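In the working numbering, the protein residues as written are 89 to 424.
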C-alpha cells in the first residue's frame, strides 16, 4: 500500500530534495532567492490589494500542470452560479506590453494564446498585463466584476489573493528546483495554499491534508469524430501528455511532432508538417486547442485538421464551489 504523505510534512520532503539540489549551485541559489522573496511578501507590505476578491489558480512547476483547463472549468462553474468575474493574466508570449483587454477576435501575438483561449471559451473579460495588480485596477474601474480569477498566480505575489488554488501533479513530487528541474518553488510552499488540486489519480492514495481543501479532477481529451492514424503535433509544456492521451483514447498517431511551448507557427512549420504527412501517407493532423489558436492563418493549409479539447471534471464540483464562495463571500459581497 502506498505511503500517504501529509502536505504539512512537505517541508521534510522538500529538504530531502534540497539535499539533491544542493550539489548544483544554480538550484541552491534559485531556492534561496525564492525563499527570501516569499519571506518579504509574507509581510504584506509589497502586495497590492484589490476591492473585489482574488482567486488564484497556480502550480509549483513551470507549465504543463493544467492551469488553463482548470481555470476554464472553474469559470464555467462560477458562470452557472451567476457569478460575474474577470480573468487577470500576464499574457505570456504576446508581442504587446501593458494592460490590455483581450479581444476574442484578436490574435495570440497580440494577447497571448492562453488568455485568448480563455476569452473565447468563457466569454468573460480577460485582462492581460505584466503587473496583474494594475490589470485588476483597470478591471475594477472599467468592468466591475464580483471576483477576479488570477491565471498562473501562485508566484505572482505582488497581488494579494483571497484564495490560492494550487494544482499538484505526480511529477511535482519527484521533481527538483529550477534549473535542474521544473519546480519554481519547493513543495513546502504548499503551506500558502487554501486548496490543493490533485491532477493525477496516482496521487489519491499518497496525499492527505490538514486545514486545507483537497480537490480532485479527472482529465483527458474529447476525441469527437477524430480518426486514428493522424500526424499529431503540439507546442505545449508537456507534449508527451498529449500524445499519450491520444494513444489511451485509441487514436495512435502515425507520427508525433513536438514544438516548444507557446510556439508561434510559421510557414516553414506548415511545410514540414505537410511533407511529413505525405511521407507517412496519412489523411491529416490532430492538435490541441491552444495550438489551433497559434496556427491561425495557417490552419486552412493543414487539412483536415482535428482539434482535440481537454476534458476535465472536478469531483464533487458543487461542494467545491460552495467552499470557495463561502471563503471569499465576505469580500465579494462588500466589493463595489
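Each residue gets a CB set at the ideal place from its N, CA and C atoms; glycine is no exception.
These figures come from a predicted structure and were not determined experimentally.
Query, Result
"Which residues share a DSSP beta bridge with residue 360?", "Note: residue 360 sits in no beta bridge, so no partner."
"Which residue wins for smallest C-alpha separation from residue 295, given the options 257, 152, 204, 351?", "257"
"Of all the options 143, 315, 274, which has the alpha carbon lying nearest to the alpha carbon of residue 235?", "143"
"Secondary structure at residue 411, three-state DSSP: helix, strand or coil?", "helix"
"At the level of alpha carbons, what is the spacing between residue 385 and residue 141?", "38 angstroms"
"State the start and end residues of the unbroken beta strand (DSSP E) segment that holds residue 260.", "First-last for residue 260: 258-262, but that is the alpha helix (DSSP H), not the beta strand (DSSP E)."
"Can you tell me whether residue 156 is helix, strand or coil according to DSSP?", "helix"
"So, residue 306 versus residue 401, is the Cβ gap smaller than 7 angstroms?", "yes"
"When you compare the CB positions of residue 320 and residue 374, do they come within less than 7 angstroms of one another, or not?", "yes"
"How would you write the range of the alpha helix (DSSP H) that residue 220 sits in, first residue to last?", "220-230"
"Which residue marks the beginning of the alpha helix (DSSP H) containing residue 402, and which one marks its end?", "Looking at the DSSP string, residue 402 is not in any alpha helix (DSSP H); the run it does join, the beta strand (DSSP E), is 398-402."
"Between 278, 412, 265, 239, which has its C-alpha nearest residue 174's C-alpha?", "239"
"Within the same chain, show all residues whose beta-carbon is closer than 6 angstroms to that of residue 241, passing over the 5 residues directly before and after it, in chain order.", "144, 146"
"What is the rounded straight-line gap between the Cα of residue 215 and the Cα of residue 331?", "31 angstroms"
"So, do the segment 175-186 and the segment 353-370 have three or more beta carbon pairs nearer to each other than 8 angstroms?", "no"
"List the DSSP bridge partners of residue 344.", "320"
"Give the C-beta separation of residue 340 and residue 316 to the nearest angstrom, bearing in mind that I take them to be a contact with Cβ-Cβ under 8 angstroms.", "5 angstroms"
"Is residue 307 helix, strand or coil by DSSP?", "strand"
"Contact defined as beta carbons within less than 8 angstroms: I believe residue 415 pairs with residue 282. What is the distance between those atoms, to the nearest angstrom?", "7 angstroms"
"Where do the ends of the alpha helix (DSSP H) carrying residue 206 lie?", "201-210"
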